[in-house]
Every structure is written in structure tokens, then in C-alpha cells.
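Written out below as C-alpha cells is the structure these notes cover.
Number of protein chains: 2
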Amino acid sequence: MNAIVDTRVPFEILTALTPRPEVANDGRPVPLSFFHAGSEIYAQGEKVASHYQIEFGAVRIYRLLADGRRQITAFHLAGETFGFEADLAHHFFAEAIVTTGLRTFRPVAGLDRSRELLPLALRCMVRAQEHLLVVGRQTAIERIAAFLVDMAARQGDLAQIELPMSRQDIGDYLGLTIETVSRVLSRLRDKGVLKFHGLRLLEIRKAETLRSLCE
Amino acid sequence: MNAIVDTRVPFEILTALTPRPEVANDGRPVPLSFFHAGSEIYAQGEKVASHYQIEFGAVRIYRLLADGRRQITAFHLAGETFGFEADLAHHFFAEAIVTTGLRTFRPVAGLDRSRELLPLALRCMVRAQEHLLVVGRQTAIERIAAFLVDMAARQGDLAQIELPMSRQDIGDYLGLTIETVSRVLSRLRDKGVLKFHGLRLLEIRKAETLRSLCE
DNA sequence: CGCTCGCTTGATATAGCTCAAAAGCTGTGG
DNA sequence: CCACAGCTTTTGAGCTATATCAAGCGAGCG
């Protein structure tokens, strides 16, 4: 884990973005650390020390095959918790997608967090298993639609949504190539379902059409 | 949930197959129920009442799309625990694959099982996320190899393994059609990697080859 | 202004799907 | 014990969605 204070983000902005509690249940202060876009939070095989809550930014969780094929198993956005995925050692990599601030919850000897963690773990498990249906049984356009509907829901179901991740990330999340992702997005734009305001900001103009594509 | 005492299996056999404890931690007896092949254990949307431990038999957990496409998210074998996947309502269906006996653990008011369930939930979550890599990024032959290696490992890494599920089930687990599953298995047989002793019993003759296919 | 890097678009290839038919199993009844 | 029906599985032939390969394009940066 290599936290870095991101010098590109002014300190006033970082501190302004800190609405969540700064102490854990046991009264200890929870350290906040910053990560550059692309920097590693933890690696596969690392011994688990902590779990993390995202203060701002976005994180990708992924696995690799020997030849470099990558599967992103989850994206996590501001307010979400991740990193409790293992018994002793992580099975996945976690990286910041954009400049990200994390609160790190270290395990405290003698304090059992099972009760708070179980619902998070269950949510996460259900999410992964639902995603399995998307990747295993849906077409390219259905996968993209499901992804956009999910991202919109997690951003309060506003018409404008932000996609902090690259096309490659989206492809690796949905089990598609970058070209297919791009073609499907263009097709949805041409049909008037989406409108792009730059690459990472998009407007959903026909939410109903999109939703109907997920079945 | 519609448990049925399977009249095809003599009672002496059923009772002989009961090595696991018959009382829960809180001292209550844990009821054992039997399910026919194909019968439903719980359905999507049902309110969660219990979790289950498999005494003998096998179970499939799955989701459906509106048009009938199915994704099996997990198979569970004898000795394994399942059914704790939800907050209030199940997100999936569970069915017996073959005649199956289950111990049902009902929640006991005032007794918090988080501590025992958390590791199970985490294992299950990691399993689902690892399966995502298989389905999202591996070829048909790699998926089948990964599946067989996993089944072998769960059956004590013996050369002989049993596949209680149909080809259709395997396809729906791996995101493949039944024809592709069949063709790949035939190809592995022709290469001398596998040998079939009937449809559901197979011998792994070149475990190393199989393992190398998973990368 | 011109490079770079991520994205888009186009042309072609192919893994796996679909449709079709044959071949095994399993159970039933004569 | 055999024959037949209703399955599941295997095999074959052709098709298609998506991958791959190959240019262009455009926004951000030095």
C-alpha cells in the first residue's frame, strides 16, 4: 500500500470533503489517506490489515490472469466500504481510479466487528452474484445498460452521471473489449438514449429505454 | 419451500448418512429435511428464514432473466452451508440437484450468529468474485477446466469425480451453451485428459494438463 | 503547434451460438 | 427380457455477436 498526499488537490478542497465520522466505534481516530489516480491500495496476496471507507474518489477491485487479462469485480464510489474480502490474505487488487481519499479501519485486538461487517459482506456477495448474471448471460448492450442503470442508481438517480473509470475499466468490468464498449455507447448516443458532455460525464435522456434493456 | 420425504431412498440409507451434529449451538435440535431432485428449497423474493447445511446431495443457486436465461451462481455440495445471502428477502432461487438432505438453521431471537456467519459469507463472496473472472475473461475450455479442477478439489482431489449436475446446469454456471460444454468435454476426452464412466462419473487422467488450462 | 494517449470507427476473423438430427440412457409395459 | 417413449447428450453445419487488427480523431499538455 502506497498512500500519497496528492499535491494536485488543494488542501482546502480535501478537508472540505470530509463529512463522515473521523473516529471509529472504539473512540480511536481513523486515519485518512490520499491516493493518486492509478495507485495501488492493496495487492493480491497481501495480508489483510484493514478495511476502507471512501471519503471521495473511486476504486476498482480486480484480478488478473497470467497473460494479463483482467476482470474488475467491483467499482466502489464515495461513501462505500471495501477491503474486508479475505480471511488472511487479499484475493484481489485494489487501485484508486481517480484521486481518492480513504479512511482506514485497522482491526483492534479484542474488538469483534463481525456484526457490522456481516451486512456489508452480504451486500457485496449479492452484488457479485448479480453481476455474474450480467456477465454470464447478457448481451453487450444489456451489460452496458445494466452498468449505466447501476451507476445512475448509486449517484442518486439523477439524469447526469459521472463515469470516473476509463472505457478499458468498463470493458474489464463487463467482460467486453474496449471497442465493443465504445460501439455500444455510440449506438445508444445515436438512438438518443444518452448524451455525452465530455467523455466522463453523460446524460441519460431515456432512462426507461435503458432500464428496459436490462430486462 | 416444499420439503418432501423422498420415498425412493430407503430410510436406513438416509439415517446412515448423518455424520453432522444434530443440535445447534444453542442446544436446540436442528430439523433435517429431504428434497427430491429438482425441488425448490427457496425462491427469489422469499423472506429469509434460515440457512442450511447440506447433509448429502447437491444444490444449485441461480437467478433468471425475464426471457428464461439462467445463471447459476453456485453449486453447493455435502457439508457446505448456504442460504444466508440476503438481508430480508432472497435474491436467488435454490433447488436440489439430486435427492438432498438439509439441516435447517432457523434464526433464534436474541442470538447473534454474525461471528460464525461472517467467514462463510466472505468465503462465498470471494468464490463469486473469482468465478466472475472465469465467466468474464476465460475461454470455453478454460472455464470447463476451472470448473473440473474446482469440483475435484471439493471432492478431496481424487482422480474420480462425480458431477451431480446436468450439462445444462454446467452451461448455466459457466455462461456457455450445453452444446459447447459437451463439445469441450469430448475434446478433453479425445485428448486423454478425461475418461467418462457413465455421464456423471468422470476420471481425471491428466490433472496437470487440466490445471495448466486455468492459468 | 504538434505529441500523446485514450477513444472511436471500420474491416475482417473467429469462438461460441443456433438449429437440426442422431445416439445414448432410463423407465414402463407387455 | 425386449420394445418403445421420452429424456439428455453428442455431433454436425452454418451463422452471428463480439473479438481482433488497423486506421483515424480529438482533447489535453508540453
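Residue numbers (our numbering), protein chains in the order written: chain A, 1 to 215; chain F, 1001 to 1215. Note that beta-carbon positions come from the ideal geometry of N, C-alpha and C, so glycine has one too.
Which chain A residues are close to residue i, counting only those with a beta carbon under 7 Å from its beta carbon?
{"i": "F:Met-1125", "result": "Glu-85, Ala-121, Cys-124, Met-125, Ala-128"}
Give the interface partners of residue i over in chain A, defined as CB-CB distance under 8 Å, in chain order.
{"i": "F:Thr-1073", "result": "Gln-129, Leu-132, Leu-133"}
Would residue i count as contacting chain F if we go by Cβ distances under 9 Å?
{"i": "A:Asp-172", "result": "yes"}
{"i": "A:Ser-114", "result": "yes"}
{"i": "A:Gln-138", "result": "yes"}
{"i": "A:Phe-93", "result": "no"}
{"i": "A:Glu-208", "result": "no"}
{"i": "A:Glu-215", "result": "yes"}
{"i": "A:Thr-18", "result": "Model confidence at A:Thr-18 stands at a pLDDT of 43, short of 50, so the residue's coordinates are unreliable and nothing is read from them."}
From this set, the options, which residue's C-alpha is nearest residue i's C-alpha?
{"i": "F:Glu-1055", "options": "F:Lys-1191, F:Ala-1096, F:Thr-1139", "result": "F:Ala-1096"}
{"i": "A:Val-134", "options": "F:Ile-1072, F:Ile-1170, F:Lys-1191, F:Ile-1178", "result": "F:Ile-1072"}
{"i": "F:Pro-1107", "options": "F:Phe-1092, F:Glu-1116, F:Met-1125, F:Leu-1174", "result": "F:Glu-1116"}
{"i": "A:Glu-46", "options": "A:His-76, A:Phe-92, A:Leu-32, A:Arg-70", "result": "A:Phe-92"}
{"i": "A:Arg-167", "options": "A:Gln-138, A:Phe-35, A:Leu-176, A:Leu-213", "result": "A:Leu-176"}
{"i": "A:Met-125", "options": "F:Gly-1156, F:Arg-1113, F:Ile-1141, F:Phe-1082", "result": "F:Phe-1082"}
{"i": "F:Ala-1074", "options": "A:Arg-63, A:Glu-130, A:Phe-75, A:Ala-58", "result": "A:Glu-130"}
{"i": "F:Ser-1226", "options": "F:Leu-1102, F:Leu-1201, F:Ala-1140, F:Ala-1146", "result": "Limits of chain F in this structure are 1001 at one end and 1215 at the other, which puts residue 1226 of chain F out of reach."}
{"i": "A:Arg-154", "options": "A:Leu-77, A:Leu-132, A:Val-30", "result": "A:Leu-77"}
{"i": "F:Leu-1065", "options": "F:Ser-1182, F:Glu-1080, F:Leu-1199, F:Gln-1044", "result": "F:Gln-1044"}
{"i": "A:Thr-104", "options": "A:Gln-160, A:Gly-79, A:Asp-67", "result": "A:Gly-79"}
{"i": "A:Gly-198", "options": "A:Arg-183, A:Gln-160, A:Arg-63, A:Ile-178", "result": "A:Gln-160"}
{"i": "A:Leu-132", "options": "A:Leu-174, A:Val-149, A:Arg-183, A:Ile-178", "result": "A:Leu-174"}
{"i": "A:Arg-211", "options": "A:Leu-118, A:Arg-143, A:Ile-178, A:Thr-100", "result": "A:Arg-143"}
{"i": "A:Ala-128", "options": "F:Arg-1063, F:Asp-1157, F:Lys-1206, F:Phe-1035", "result": "F:Arg-1063"}
Could you check the C-alpha separation between residue i and residue j for me, to the nearest Å?
{"i": "F:Ala-1121", "j": "F:Ile-1041", "result": "19 Å"}
{"i": "F:Ser-1050", "j": "F:Ala-1089", "result": "11 Å"}
{"i": "A:Phe-84", "j": "A:Ala-94", "result": "12 Å"}
{"i": "F:Gln-1053", "j": "F:Arg-1069", "result": "28 Å"}
{"i": "F:Thr-1209", "j": "F:Thr-1180", "result": "20 Å"}
{"i": "F:Leu-1188", "j": "F:Leu-1213", "result": "11 Å"}
{"i": "A:Ile-61", "j": "F:Ala-1152", "result": "28 Å"}
{"i": "A:Gly-171", "j": "F:Ser-1039", "result": "37 Å"}
{"i": "A:Asp-112", "j": "A:Ile-204", "result": "43 Å"}
{"i": "A:Tyr-193", "j": "A:Pro-164", "result": "Residue 193 of chain A is actually Val in this sequence, not Tyr. Taking the straight line from one Cα to the other gives about 20 Å."}
{"i": "A:Glu-215", "j": "A:Phe-147", "result": "13 Å"}
{"i": "A:Leu-14", "j": "A:Val-98", "result": "Summary for A:Leu-14: the model assigns pLDDT 42, below 50, so the residue's position carries little reliability; its value from the coordinates is reported in the next sentence. Computed Cα separation, rounded: 14 Å."}
{"i": "F:Gln-1140", "j": "A:Gly-136", "result": "In the sequence on display, residue 1140 of chain F carries Ala and not Gln. Each residue's alpha carbon lies about 12 Å from the other."}
{"i": "A:Ser-186", "j": "A:Leu-202", "result": "12 Å"}
{"i": "A:Phe-196", "j": "F:Gly-1110", "result": "52 Å"}
{"i": "A:Ala-58", "j": "F:Val-1048", "result": "32 Å"}
Could you work out which residues of chain F lie near residue i, taking near to mean beta carbons separated by less than 7 Å?
{"i": "A:Leu-117", "result": "Leu-1118"}
Against chain A, with Cβ distances strictly below 9 Å, would residue i count as a contact?
{"i": "F:Glu-1080", "result": "no"}
Flag residue i as yes when its Cβ comes closer than 8 Å to any non-hydrogen atom of the ligand MN, and as no otherwise.
{"i": "A:Leu-132", "result": "Absence of the ligand MN from the depicted structure is noted, as is the absence of any ligand whatsoever, leaving it without description."}
(message) Which residues of the region 1165-1198 of chain F have a Cβ closer than 7 Å to any Cβ of chain A? Give them in chain order.
(response) Gly-1175
(request) Could you run through the region 1054-1078 of chain F and flag, in chain order, every residue whose CB is less than 9 Å away from some CB of chain A? (result) Ile-1061, Tyr-1062, Arg-1063, Leu-1064, Leu-1065, Ala-1066, Asp-1067, Arg-1069, Arg-1070, Gln-1071, Ile-1072, Thr-1073, Ala-1074
(message) Any C-beta of chain A within less than 9 Å: which residues of the region 1038-1050 of chain F qualify?
(response) none
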